[in-house]
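Just below is one structure, and these are the notes that go with it.
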Amino acid sequence: MIETGKLDNDEFCRREAKQFHLIYAACFAVFLVVAIVSRLLPRSWRPRLPGARARRTIIGEAREAADTFVPFAFMA
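Under this note's numbering, the sequence shown has 3 at position 19, and the numbering climbs by one with no breaks.
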């Protein structure tokens, strides 16, 4: 016998995971563009973010920004 409540919960979890991945991919793309643009600016024009760690790769900067931002989208 199949429990319908369990199936609904599994479907809900799959939808939540899909939403998370879509939002993460969109944010990563935006932050990747920001990281590329910031690298093209002269050093004196680059934004100085508080708490910024040592210089990373462009992908690393975008990943760190997305990892910081995306959880706030799911706070309720």
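C-beta: ideal position from N, C-alpha, C; glycine also.
Residue i, enclosing alpha helix (DSSP H) - first and last residue
| i | result |
| --- | --- |
| PRO55 | 42 to 57 |
C-beta atoms of residue i and residue j nearer than 8 Å
| i | j | result |
| --- | --- | --- |
| ALA19 | ILE42 | yes |
| PHE15 | ALA50 | yes |
| PHE58 | CYS11 | no |
Distance, residue j Cα to residue i Cα
| i | j | result |
| --- | --- | --- |
| SER28 | GLY44 | 21 Å |
| GLU47 | LEU24 | Reading off the sequence shown, one finds Arg at residue 47, where the question assumed Glu. Spanning the two alpha carbons is a distance of roughly 19 Å. |
| ASP(-6) | LYS2 | 12 Å |
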